[in-house]
Every structure is written in C-alpha cells, then in structure tokens.
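Structure, as structure tokens:
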Amino acid sequence: MDEWWRAGDSVWREDAASSTRFVLEAVQGVPRIDWELARGRLTDVAQLVGAALPATCAHAAIFPQGFAFCPECGAPVHAAAPAPETAWWGPATGSLPPGAAPLPRHVPHGLPQTALPLGEALEGREPEPFVGRADLRMPAPPNSLCVFAAADFGFAAQRLIALAYTRNVVQYWDPPGNRWHVFTADDGSADLHFAISAYAWLPPADAARRGEFGLVPTAQGLFRLILNPLAESWRTEPVFQARLAASPGAVGRRMACPFVAPEGVRLWTAGADGADPEVLDIVSPDPAVPVPASGWSRPFSYDGRLHWLHDEGQLLWRPGQPARWLPWPFPWMPRLQFGGPVRSRDGRLWLIGNDGAGYSFRALGDEAGLGTPQVEQIDGARLGFGTLLFRRGHQVKDDPWSDEDVEDQARGDALVLPLLEAVSATRGQPSGLVLRFPGFTGRAEAALAGEVLPRTFVEWIGRHNVILDEIARLKNPGECVPFVCDGSLWLHHPSWNEIRGWRLEGLA
C-alpha cells in the first residue's frame, strides 16, 4: 500500500515499486507534474522544489522536502536547494520583482543597464593589455536568437530561460544536467512569435504566481507567460488581444502598449495587474504623418514618461496625459543602432542622428519634434547609451557632445560598442561591458551592419580596464546579449555555438 507524505508545499507518494521510490504528485501553484519527464532530471527537480538527495544509500533516488535521513536505513540525505542568486531580467521598464537589483530612479529604465556591482567583481583581474579568456562555457540554446531571464520564478532555485521570440520556443537550462530543454506549449496557448518591432517584456509583479515569466508581446497581443518546469511546458493567459505595433512598457503603476486599430495606431494602457484598461488616441502635430505600425525600438521610461523611438519619430506618454507622436524634422534621421538615448549632466536625454551633413545630438522630450529643439553638433559618430558613450576608441565622460577623454592616442584607431552599463552611486565615471574593434577605421554604420570584424576584444571599462576575451571574425556585434546568471557574467551571440562566461567573485 502506498504511503503519502505532505512536505512543505508539496505532496509525495511513496511507492516501493517505483524506480525513484518517492513520486512527486503535487506542488502548490503547479497545475500538473509529468513524473516520466521529471525523473530524467532528478537533481534539477530536487533543487526546484527543495527536495533532498541521497548521500550514500540507494533506497530512494529522491526524498521529499524536509527529510534529513532515509526512513529505511537512517543514512543522512542532503537538501538540494542551492543558495539564492540575484535575479536577472534584462532591460525592463517596469518594477522588478523581489530578488533583483533595481535601478535607481534617476536613470532611464529599459536600457542595457544594471545595478549589480559587476566592476567590483571584475576589476580584480589582470588589467589590459593582458588578454584574458572566458572562465566558463555554456552550450548555446538550440534556437539561438533569444532573450534571457534568470530567476527562481517562485521555485526554490534560480533557472535560466532563453525565450526564442522569432520561433515560438521556450528553452530551459538544466544546470545539473548541463543541457537545454525545449518546453512544449499547453493546448490553447498563444503563439509567442513577435518580430514586428524590437522585443521587450514586462517582468512579473510582486505578487507573481509560481512559474510566472511576465507579460510578453505576441502576434496576437499581450499575454502572461507561465512556465511549468515540472512538466517541461508553458502556457499563456490573455491580457490584451490585438495586433501590437511595439513591445509593452511600464511607468509608475501603469503599463502601456501601442497597437494597430482599424483607424490607425492607438495606445492601450492598464494597471500593472491588467485592471482599469483604457484605449488612448495618439495626438500628432501633423495628421498627414501616420504613426508607424512596426519598426519600433524597445521602450524605455524616464522622468515618469514612456518613450518608444522609431526611425520616423518618437511616441511619448505620461500617465494621465495624452499620448503624443512627434516625427523627426526632415532631413534629420536617428541612428538607433548606435545604442540608445544618452544622458547629459543636467539629466536630459539626447539621441544621436545625422541630417546628411553631419552627426548631432537632439534633445528628447515634448519639444523634440517641434520648432527648433536644442541640437548639439558633433564631428563624428558616438556609440553608447545612458552615460556609457564612446567616440571611436575614446570614452566621452562629460556631456554627450563634449570632447572625448584621450588617455592613449593609439586607441583612436579603434571603434567601441557598449553592451551593458553598470550604474553605481559610488563611481565617479561610467563603467560597463564593451566590444572594442582595434584597427577599424571604417564607418560605424558598416561595423554594425554585417561587415566582418577581424578582431574584437570583450572589455570591461571601469577603474581598471580588463580585457576579458578576444573574438575572431565577428559579424553583427549589436546582436551580442550580455546577462548575469549563477554568479557569472555571460555573453551570447546568435552565431556562436557556446556562450562565454566570467565568474563574478564575491557577487551576492
């Protein structure tokens, strides 16, 4: 006769005929468990639910949560749950759930920035000109064009998710098994494909359910994505069903997303929990210039307002006010591929562009598409976002249009592309992860548009500059995706077979 055990928030059945002896039957907040799949990755499952694993005995392959000894022989067992890790959600406009490192309010949210103390963990390495190598390697996910999130999702251990948004695929990294699992969609789930604009999602709210990944854009609208690693599956719940024009953003207690209506693009907005929805018209100074239905950049929020940028203009919305579409004045065109908005010393945001005669920074905001907004001319391309900005190989440490800081004349014969800025109140100068292309004298647009780059250095810029790795023959460097997981900094590119990683010693 089977015995039943209730351990914490899980229910187990003890079956002497089972190969594992203890069978996980139910976990609070998890709709179903596929034990046939789960028992193929018992160590992973034990970590997820906080179960125990045998140390010496062979009476069971897994023990329920809270067991300290084998009930058959008395041999000790050990809890499998690892120490908690700081969550990683990537660039996000909304509030981050517990366990993450939230950005301070004075910086834009939604850019590739982090409040994790990466500099303190990386700057103890041998400084440049020494060229380091990756400490770790992880197989690239089977569907390599993806975004990453690392969190516990309501379980007892952190896990890495790679969401392949152009293939409708959710990929799960199994650390004990050192392999990726492709989850299957439950019946009735939405297709996760979204490629009409740059991809961004909203992390779950504070009161998230177990397995909740967040709100994701799809071809059918905005859906809540919920993962079930105990059945290797996922499902969706509709939040707003419509043809989306861009990814969603959040500011304060409201979220918003542009969508395509029969009469043109409109803005849908609701509370963070989806309550109190509202559809807003978008005000334009020139009704003859329609709001684009695709091609938008990832949204960002700053100073209580949401921004979506486009090659043709910008969409602005502050809760409680009308949404506004502001086309760029002809012939000025932004260079969105150069990074994103940068911040001047007085706190304003600027965007780089070109009017055919040269580059300039244009102030972002309500006045950016009207009259004669402030424009600062510059003598060449500058790549970056936030306060991490470079002209060729030299860092710009003052206002975005100021002269670059020349510490080494030889660095002028290079191009630097920032990937991730580390935001810290204890550092006087910007720091972060960059790609440096030595000996590149061509146009920045060419470097970012598919030209083969013979040599690339992965470099940390900070109090001490550290070259973390060297890459040969890189193409499309803007597709590199940095993320933090399992106490390490990782760098992924869709063309690589492996993800490179560097240990972050001392990172809490």
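The opening residue of the sequence shown carries number 14 in our numbering; numbering runs sequentially from there.
Ideal placement from N, C-alpha and C gives every residue a C-beta, glycine not left out.
How many angstroms separate the CA atom of residue 381 from the CA atom of residue 180? The count along the sequence shown starts at 1 and reaches residue 381 at position 368. The count along the sequence shown starts at 1 and reaches residue 180 at position 167. Below a pLDDT of 50, predicted positions are generally treated as unreliable, and residue 381, at 49, falls in that range; the measurement from the model is reported next regardless. For residue 381 and residue 180, the gap between their C-alpha atoms comes out near 37 Å.
To which residues of the same chain is residue 307 closer than 7 Å at the C-beta, ignoring the five residues directly before and after it? Position 294 of the sequence shown, counted from the first residue, corresponds to residue 307. So the qualifying residues of the chain are 209, 210, 258.
Quick test of your reading: residue 41 and residue 170, contact by CB under 8 Å. State the CB separation rounded to the nearest angstrom. As a position in the sequence shown, residue 41 is number 28, starting the count at 1. As a position in the sequence shown, residue 170 is number 157, starting the count at 1. A Cβ-Cβ distance of about 16 Å is found for the pair residue 41 and residue 170, leaving them out of contact under the 8 Å criterion.
CB contact below 7 Å: residue 290 versus chain D: Of the chains in the structure shown, none is chain D; there is only one protein chain.
Integer Cβ distance of residue 601 from residue 229, believed to fall under 8 Å: Outside the displayed span of the chain (14 to 521) sits residue 601, for which this structure offers no information.
Please classify residue 399: is it buried, with 16 or more other beta-carbons within 10 angstroms of its beta-carbon, or exposed? Residue 399 sits at position 386 when you count from the first residue of the sequence shown. Around the beta carbon of residue 399, 16 or more other beta carbons sit within 10 angstroms, so the residue counts as buried.
Taking only the alpha-carbon atoms, compute the straight-line gap between residue 522 and residue 139 and give it to the nearest angstrom. Residue 522 lies beyond the range of the chain shown here (14 to 521); nothing can be said about it.
Opening and closing residue of the alpha helix (DSSP H) in which residue 132 lies: Working through the sequence shown from its first residue, we reach residue 132 at position 119. Note, residue 132: alpha helix (DSSP H), 131 to 135.
Taking the DSSP output, what are the residues bridged to residue 239? Here residue 239 refers to the residue found at position 226 of the sequence shown. DSSP lists 225, 248 as partners of residue 239.
Could you have a look at residue 356 and say whether DSSP puts it in helix, strand or coil? Sequence index remark: in the sequence shown, residue 356 carries index 343 (1-based). Looking at residue 356 - three-state DSSP - the assignment turns out to be strand.
Best match in 125, 373, 312 for proximity to residue 393 [C-alpha to C-alpha]: Residue mapping note: residue 393 aligns to position 380 of the sequence shown, counting from 1. Closest option to residue 393, Cα to Cα, is 373.
Over the uninterrupted beta strand (DSSP E) stretch that includes residue 278, give me the two end residues. The count along the sequence shown starts at 1 and reaches residue 278 at position 265. Segment 277 to 284, the beta strand (DSSP E) holding residue 278.
Could you check which residue in 29, 253, 107 has the C-alpha nearest to that of residue 71? As a first step, residue 71 is located in the sequence shown; it is residue number 58 there, counting from the start. Nearest C-alpha to residue 71: 29.
Can you tell which of 323, 252, 19 has the C-alpha that lies nearest to the C-alpha of residue 79? The count along the sequence shown starts at 1 and reaches residue 79 at position 66. For residue 79, the nearest C-alpha among the options comes from 19.
State the CB to CB distance for the pair residue 414 and residue 391, rounded to an integer number of angstroms; the pair is presumed to be in contact (CB under 8 Å). Within the sequence shown, residue 414 is the residue found at index 401, counting from 1. Within the sequence shown, residue 391 is the residue found at index 378, counting from 1. Correct: roughly 5 Å between the Cβ atoms.
Under three-state DSSP, which class holds residue 361? By one-based count along the sequence shown, residue 361 stands at place 348. Reduced to three states, the DSSP call for residue 361 is coil.
To the nearest angstrom, report how far apart residue 319 and residue 261 are at their CA atoms. Residue 319 sits at position 306 when you count from the first residue of the sequence shown. Residue 261 sits at position 248 when you count from the first residue of the sequence shown. In a straight line, the C-alpha of residue 319 is about 10 Å away from that of residue 261.
To which residues of the same chain is residue 383 closer than 8 Å at the C-beta, ignoring the five residues directly before and after it? Within the sequence shown, residue 383 is the residue found at index 370, counting from 1. Low confidence applies to residue 383: its pLDDT is 49, below 50, so where it sits in the model is not reliable enough to give any reading.
How about residue 205 and residue 107: do their beta carbons lie closer than 7 Å? Against the sequence shown, residue 205 aligns to sequence position 192. Against the sequence shown, residue 107 aligns to sequence position 94. Not a contact, by the Cβ cut-off of 7 Å.
Out of 99, 120, 150, state which residue places its alpha-carbon closest to the alpha-carbon of residue 129. The residue given as residue 129 occupies position 116 in the sequence shown. Nearest of 99, 120, 150 to residue 129, Cα basis: 99.
Buried/exposed call for residue 419, threshold 16 Cβ in 10 Å: Taking the sequence shown and counting its residues from 1, the one referred to as residue 419 is at position 406. By the 10 Å Cβ count, residue 419 comes out exposed.
Nonlocal neighbours in the same chain, by C-beta distance under 7 Å from residue 234, ignoring five residues either side: As a working mapping, residue 234 is identified with position 221 in the sequence shown. Its chain contains 251, 253, 254, 255, 257 as the residues whose beta carbon lies nearer than 7 Å to that of residue 234, once the 5 sequence neighbours on both sides are disregarded; these appear in chain order.
Among the residues of its own chain, which have a CB less than 7 Å from the CB of residue 350, if the five just before and after it don't count? Working through the sequence shown from its first residue, we reach residue 350 at position 337. The beta carbon of residue 350 sits closer than 7 Å to the beta carbons of 461, 491 from its chain, once the five residues preceding and following it are set aside; these are given in chain order.
Nearest CA to the CA of residue 145: which residue from 483, 269, 508? The residue you call residue 145 lines up with position 132 of the sequence shown. Across the set 483, 269, 508, the C-alpha of 483 shows the shortest separation from the C-alpha of residue 145.
Tell me the rounded alpha-carbon separation between residue 31 and residue 77. Here the question's residue 31 lines up with position 18 in the sequence shown. Here the question's residue 77 lines up with position 64 in the sequence shown. Approximately 15 Å, taken between the alpha carbons.
Does the count of Cβ pairs from the stretch 513 to 520 and the stretch 153 to 168 closer than 8 Å reach three? With contact defined as three or more Cβ pairs closer than 8 Å, the stretch 513 to 520 and the stretch 153 to 168 are not in contact.
DSSP on residue 296, reduced to helix/strand/coil? On the sequence shown, position 283 is the one that residue 296 refers to. Residue 296 falls in the strand class under three-state DSSP.
According to DSSP, residues forming a beta bridge with residue 185: The residue labelled residue 185 in the question sits at position 172 within the sequence shown. Under DSSP, residue 185 forms a beta bridge with 174, 194.
Indicate whether residue 36 and residue 48 have their beta-carbon atoms separated by less than 7 Å. On the sequence shown, position 23 is the one that residue 36 refers to. On the sequence shown, position 35 is the one that residue 48 refers to. Yes, the Cβ-Cβ distance between residue 36 and residue 48 is below 7 Å.
First and last residue of the alpha helix (DSSP H) that includes residue 62? One-based indexing of the sequence shown puts residue 62 at position 49. Counted as a single uninterrupted DSSP element, the alpha helix (DSSP H) harbouring residue 62 occupies residues 55 to 62.
Using DSSP bridges, identify the partner residues of residue 485. For the purposes of this step, residue 485 is identified with residue 472 of the sequence shown, where counting begins at 1. Beta-bridge pairing links residue 485 to 468.
Same chain, Cβ closer than 7 Å to residue 506, five either side skipped, listed in chain order: Mapped onto the sequence shown, residue 506 falls at position 493. Closer than 7 Å at the Cβ level, and outside the excluded window around residue 506, lie 492, 493.
Less than 7 Å between C-beta atoms, sequence neighbours within five positions excluded: which residues of the same chain meet that for residue 288? Looking up residue 288 in the sequence shown gives position 275. Around residue 288, the same chain offers no residue with a beta carbon nearer than 7 Å, after the five sequence neighbours per side are excluded.
Between the Cα of residue 199 and the Cα atoms of 190, 183, 187, 192, which residue gives the shortest distance? Walking along the sequence shown from the start, residue 199 turns up at place 186. Shortest Cα-Cα distance from residue 199 to any of 190, 183, 187, 192 involves 183.
Residue 341 - containing alpha helix (DSSP H), residue span: The residue labelled residue 341 in the question sits at position 328 within the sequence shown. No alpha helix (DSSP H) contains residue 341, which DSSP labels as neither H nor E.
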